[in-house]
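**Student:** Numbering (this note's numbering), first residue to last: 30 to 190.
Every residue, glycine too, gets a C-beta built ideally from N, C-alpha and C.
All values reported here derive from a predicted model rather than from experimental measurement.
1. In chain order, what residues of the same chain have a beta carbon less than 8 Å from the beta carbon of residue 46, not counting five sequence neighbours either side?
2. Just to confirm, is the Cβ distance from residue 112 to residue 142 under 8 Å?
3. Measuring only the C-alpha atoms, how far is residue 83 from residue 180?
4. With a 10 Å radius around its C-beta and 16 neighbouring C-beta atoms as the bar for buried, classify residue 30 as buried or exposed.
5. Measure the alpha-carbon distance for residue 58 versus residue 67 and round it to whole angstroms.
6. If you count every other CB in all the chains shown that lies within 10 Å of the CB of residue 36, and 16 or more means buried, which is it?
7. Say whether the segment 121 to 138 touches the segment 154 to 161, bearing in mind that this needs 3 or more beta-carbon pairs closer than 8 Å, one atom from each stretch.
8. Strictly by DSSP, which residues pair up with residue 133?
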């Protein structure tokens, strides 16, 4: 019984602290306070990679990785973050005139997601002609097939990955 009461106490304490923090930040935001987010160097490096692709005339390879199943709860947050980064990269590539190739992982359900993301990014950048359906590549459901084909494409010496 004591363990249950102790866990209940910690739950109440953490819930109260969370409630107070949420209330504080909501009120601060409504009052007009601006919060700054830390800039990640890896995100800034994407722009350099796109510029390199434009200079060399080579494509940019984008993938969210091998475990990209958005239907399971395990990898969904990471896949969504990867899709946002892929969209950012695709918009930059379309704006600057670089070719981008999406290596779709083993989940066939992501093929239309990548296709729509690519098309939307090209339109958002103001260059709908930059969209090419053949640049969304799907290798099949096998992990090793994906790895071998992705390695083959990477050996084509892309400008950025």
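**Tutor:** Checking against the coordinates, here is how it stands:
1. none
2. yes
3. 22 Å
4. Low confidence applies to residue 30: its pLDDT is 46, below 50, so where it sits in the model is not reliable enough to give any reading.
5. 18 Å
6. exposed
7. yes
8. 167
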